[in-house]
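Residue numbers (my numbering), protein chains in the order written: chain E, 8 to 226; chain G, 2 to 238. From the three backbone atoms N, C-alpha and C, an ideal C-beta is built for every residue, glycine too.
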Amino acid sequence: MNGVHDCGGMQCYHPIPYTPSERVFHAPWEGRVLALTLASGYVHNAELPTGRSDTEALPPADYLRMSYYEIWFASLVKALIDNGWVTAREVEHGRSERAATNGAVPASRAEIIAAGFKPADNPGKETEAPRFVVGAPVRALNINPTTHTRLPRYARGKIGTIARQYGLANFPDTDEYNLGANPNHVYSVRFPARELWGSGAVAKDFIYVDLWERYLEPA
Amino acid sequence: MSTSRRDFLSAAVTLAGASATPAANAGQSPHTGDHDHSDVPPEIALRVKSLESLLVEKGVVDPAALDALVDTFENRVGPRNGAKVVARAWVDPAYKERLLENGTTAIGEFGFSGYWQGTDYVVVENTPRIHNLVVCTLCSCYPWPLLGLPPIWYKSTAYRSKAVIDPRGVLRELGTVLEDDVEVRVWDSTADQRYFVLPERPGGTGSMDEEALAALVTRDSMIGVRKIAPPKLEAAG
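This is the structure:
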């Protein structure tokens, strides 16, 4: 979706709200939102589908006005309601009106920490060879899906070269909606800033974008 | 998007309290959450507490697990982890080689890995000729187990939007001026890879051990927005 989240190259947001250091959570509720979101993703016997698409579908004014963890909270509430884990009425009143029907059993503290902070399993053997070799010129497709994609607007239609091969990863455009994992090779593609932004850009600047093979064609 | 989907989302946003939040542009402000100094918890805090009670009652989450998660992010992950990796690479050439060759396994030697934003690391080295800078233009991807949760400015639309079109401007804005002949490489984290900058070792550190070196390494140097200053001389002159 050509949404407000896809902001690479916009020029209207200065200045950067830089601070040399800050608290991890600016208020206790922020930490609870993060923990609730992560813990809801690690429940026995039930899977809560959450993804970026809900956040990306937020009305732009809301996206820009809301703080980071307000956005997380809205996305979590939406996922819980959409998937029937809770009702809007229950969220409003903060009380359960019926037993959980999804068979959920909470993961323990140890299970959650182990799951989140141990190295993931090896994703498995490659089953197909990558189509592009390092150094190959490629063009990012000019596509404009109204659904989730990880091909940023600023790279579409632009020519770069394959810088690194990263192996297979699930294709987000379909995986996001449980429409198929479609594992697909991922590459780091090196784009000259001048290819992306024109002759006014600095000749020695390069932007590397991680792109799935399905986003690319030979150039 | 269907009308019903939009309506549903608006309802969720309202439930989440966003529409009632007066903190305009809170996501862009370094003061998020700090503006309320009264004793009364803000609306959003009450709503989050209410959702937590509901999910505990439903048997979806264990409050002890929530406490452990908060504790982990506040106390167990953070830039000190990344600093240890950097210091090791500075003193151990074989480790540095492994780190640049396969960041995931080399960082795994320290145990700073994990399902959350820590499964595929790519380490890029800053040199006098090449300066690397990390961003996530589409969201806020960041190597959590190595650097902790990202700071507000990293998640801001200001940083995300500008880093790819004017990286030298971003660096200047944050206090880093590069020579014109230095190549700038911006890494946009659009897939599962999480980028980590191996900063240049500052001068005047030849006699320092690994632990002392780690203490010099800053969060910003591992994102690539600032260099590490040489240590101040103690008992100078």
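Residue 221 of chain E - DSSP class collapsed to helix/strand/coil: Locating residue 221 of chain E in the first sequence gives position 214, counting from the first residue. Three-state DSSP puts residue 221 of chain E in a helix.
Using a Cβ cut-off of 8 Å, pull out every chain E residue sitting near residue 59 of chain G, in sequence order please. Here residue 59 of chain G corresponds to residue number 58 of the second sequence, with the count starting at 1. Here the neighbours are 92, 93, 103, 106, 107 and 111.
8 Å Cβ cut-off: residues of chain G touching residue 218 of chain E: Numbered from 1 along the first sequence, position 211 holds the residue referred to as residue 218 of chain E. 191 and 192, listed in chain order.
Just reading off the beta strand (DSSP E) that residue 173 of chain E is part of, what are its end residues? Position 166 of the first sequence, counting from 1, holds the residue named residue 173 of chain E. Its beta strand (DSSP E) spans residues 166-176.
So that I know if they touch, is there some Cβ in chain E lying closer than 8 Å to that of residue 146 of chain G? Counted from its first residue, the second sequence places residue 146 of chain G at position 145. So yes, residue 146 of chain G belongs to the interface.
If I follow the unbroken alpha helix (DSSP H) through residue 155 of chain E, where does it start and stop? The residue labelled residue 155 of chain E in the question sits at position 148 within the first sequence. Per DSSP, residue 155 of chain E belongs to no alpha helix (DSSP H) and is neither H nor E.
Residue 213 of chain G burial status per 10 Å Cβ neighbour count (16 or more: buried): Here the question's residue 213 of chain G lines up with position 212 in the second sequence. So residue 213 of chain G ends up on the exposed side.
Do residue 43 of chain G and residue 220 of chain G count as a contact pair if the criterion is CB distance below 8 Å? Taking the first residue of the second sequence as position 1, residue 220 of chain G is located at position 219. Taking the first residue of the second sequence as position 1, residue 43 of chain G is located at position 42. Contact flag unset, no.
Quick check on the burial criterion: 16 or more other C-beta atoms within 10 angstroms. Buried or exposed for residue 169 of chain G? Working through the second sequence from its first residue, we reach residue 169 of chain G at position 168. Classification of residue 169 of chain G: buried, given that the 10 Å Cβ count is 16 or more.
Which residues DSSP lists as bridging residue 51 of chain E, in chain order: Against the first sequence, residue 51 of chain E aligns to sequence position 44. According to DSSP, which records beta bridges pairwise, residue 51 of chain E is partnered with E:112.
Taking a contact to mean a Cβ-Cβ separation below 8 Å, would you say residue 196 of chain E touches residue 150 of chain G in this structure? The count along the first sequence starts at 1 and reaches residue 196 of chain E at position 189. The count along the second sequence starts at 1 and reaches residue 150 of chain G at position 149. Not a contact, by the Cβ cut-off of 8 Å.
Can you tell me whether residue 23 of chain G is helix, strand or coil according to DSSP? Taking the first residue of the second sequence as position 1, residue 23 of chain G is located at position 22. At residue 23 of chain G, the pLDDT of 37 sits below 50, so the modelled position is not reliable; the number obtained from the coordinates is stated separately. In the structure shown, residue 23 of chain G sits in coil (DSSP, three-state: anything other than H, G, I, E or B).
In chain order, what residues of the same chain have a beta carbon less than 6 Å from the beta carbon of residue 107 of chain G, not counting five sequence neighbours either side? Position 106 of the second sequence, counting from 1, holds the residue named residue 107 of chain G. Only 99 and 100 meet the Cβ criterion.
Backbone CA spacing between residue 38 of chain G and residue 67 of chain G [nearest angstrom]: The residue given as residue 38 of chain G occupies position 37 in the second sequence. The residue given as residue 67 of chain G occupies position 66 in the second sequence. Because the pLDDT of residue 38 of chain G is 49, which lies under 50, any placement of that residue in the model is unreliable, and the number read from its coordinates should be weighed accordingly. Whole-angstrom Cα-Cα distance: 25 Å.
Mind pulling the chain G residues with CB within less than 8 Å of residue 165 of chain E? On the first sequence, residue 165 of chain E is found 158 positions in, with the first residue counted as 1. Per Cβ cutoff of 8 Å: no residues; residue 165 of chain E is ~12 Å from chain G at best.
Residue 194 of chain E: first and last residue of the uninterrupted beta strand (DSSP E) it sits in: Taking the first sequence and counting its residues from 1, the one referred to as residue 194 of chain E is at position 187. Start and end: 191-199.
Rounded straight-line distance, which links the Cα of residue 133 of chain G to that of residue 209 of chain E: Here residue 209 of chain E refers to the residue found at position 202 when the first sequence is read from its first residue. Here residue 133 of chain G refers to the residue found at position 132 when the second sequence is read from its first residue. Each residue's Cα considered, the two are about 15 Å apart.
Just the Cα atoms here: how many angstroms apart are residue 36 of chain G and residue 210 of chain G? Here residue 36 of chain G refers to the residue found at position 35 when the second sequence is read from its first residue. Here residue 210 of chain G refers to the residue found at position 209 when the second sequence is read from its first residue. In this predicted model, residue 36 of chain G has a pLDDT of only 45, less than 50, meaning its place in the structure is not dependable; the value taken from the coordinates is given anyway. So the two alpha carbons sit approximately 42 Å from each other.
Let's test the definition: count the other Cβ atoms within 10 Å of the Cβ of residue 13 of chain E and tell me whether it reaches 16, buried, or not, exposed. Taking the first sequence and counting its residues from 1, one reaches residue 13 of chain E at position 6. Per the 10 Å Cβ criterion, buried.
If you follow the beta strand (DSSP E) that residue 187 of chain G is part of, which residue opens it and which one closes it? To locate residue 187 of chain G, count along the second sequence from 1; it is residue 186. Where residue 187 of chain G is concerned, the enclosing beta strand (DSSP E) stretches over 184-189.
Which complete beta strand (DSSP E) runs does the stretch 108-150 of chain G hold, if anything under 3 residues is left out? Listed in chain order, the complete beta strand (DSSP E) runs (minimum 3 residues) inside the stretch 108-150 of chain G are 121-126 and 131-136.
Below-8 Å beta-carbon distance, residue 138 of chain G vs any chain B residue: This model lacks chain B altogether, as its protein chains are E and G.
How is residue 64 of chain E classed by DSSP in three states: helix, strand or coil? Stepping through the first sequence from its first residue, residue 64 of chain E is reached at position 57. The answer is coil: DSSP assigns residue 64 of chain E none of H, G, I, E or B.
Within a Cβ cutoff of 8 Å, which residues of the same chain sit near residue 175 of chain G, ignoring the five residues on either side of it in sequence? Locating residue 175 of chain G in the second sequence gives position 174, where the first residue counts as 1. Contacts found: 221, 226 and 227.
Using a Cβ cut-off of 8 Å (strictly closer), state whether residue 172 of chain E contacts chain G. Working through the first sequence from its first residue, we reach residue 172 of chain E at position 165. No - not a single Cβ of chain G is within 8 Å of the one on residue 172 of chain E.
Less than 6 Å between C-beta atoms, sequence neighbours within five positions excluded: which residues of the same chain meet that for residue 137 of chain G? As a first step, residue 137 of chain G must be located in the second sequence, where it is residue number 136. Answer for residue 137 of chain G: 190, listed in chain order.
Is there at least one Cβ from chain E nearer than 8 Å to residue 96 of chain G's Cβ? Counting from one through the second sequence, the residue named residue 96 of chain G turns up at place 95. Not closer than 8 Å to any Cβ of chain E, the Cβ of residue 96 of chain G fails to qualify, so no.
I need the boundaries of the beta strand (DSSP E) containing residue 20 of chain E, first residue and last residue. Within the first sequence, numbered from 1, the residue matching residue 20 of chain E stands at position 13. That residue, residue 20 of chain E, is in no beta strand (DSSP E); it is neither H nor E in DSSP.
Where does residue 195 of chain G fall in DSSP's three states? As a working note, residue 195 of chain G is residue 194 in the second sequence. If DSSP states are grouped into helix, strand and coil, residue 195 of chain G belongs with the strands.
Return no unless some Cβ of chain E is closer than 8 Å to the Cβ of residue 239 of chain G. This structure gives no information on residue 239 of chain G, because the portion of chain G shown stretches from 2 to 238.
Backbone secondary structure at residue 139 of chain E - three-state DSSP: Against the first sequence, residue 139 of chain E aligns to sequence position 132. The answer is coil: DSSP assigns residue 139 of chain E none of H, G, I, E or B.
To the nearest angstrom, report how far apart residue 152 of chain E and residue 63 of chain E are at their CA atoms. Against the first sequence, residue 152 of chain E aligns to sequence position 145. Against the first sequence, residue 63 of chain E aligns to sequence position 56. Their backbone Cα atoms lie some 13 Å apart in a straight line.
How would you write the range of the alpha helix (DSSP H) that residue 99 of chain G sits in, first residue to last? Reading the second sequence from its first residue, position 98 is the one you call residue 99 of chain G. Taken as a continuous stretch (DSSP letters only), the alpha helix (DSSP H) holding residue 99 of chain G covers 94-102.
Given a cut-off of 8 Å on the beta-carbon distance, is the pair residue 104 of chain G and residue 124 of chain G in contact? Counting from one through the second sequence, the residue named residue 104 of chain G turns up at place 103. Counting from one through the second sequence, the residue named residue 124 of chain G turns up at place 123. Closer than 8 Å, so yes.
Return helix, strand or coil for residue 208 of chain E, following the three-state DSSP convention. By 1-based counting over the first sequence, the position of residue 208 of chain E is 201. If DSSP states are grouped into helix, strand and coil, residue 208 of chain E belongs with coil.
What does DSSP give as the partner residues of residue 215 of chain E in its beta bridges? Taking the first sequence and counting its residues from 1, the one referred to as residue 215 of chain E is at position 208. Paired residue(s): E:197 and G:188.
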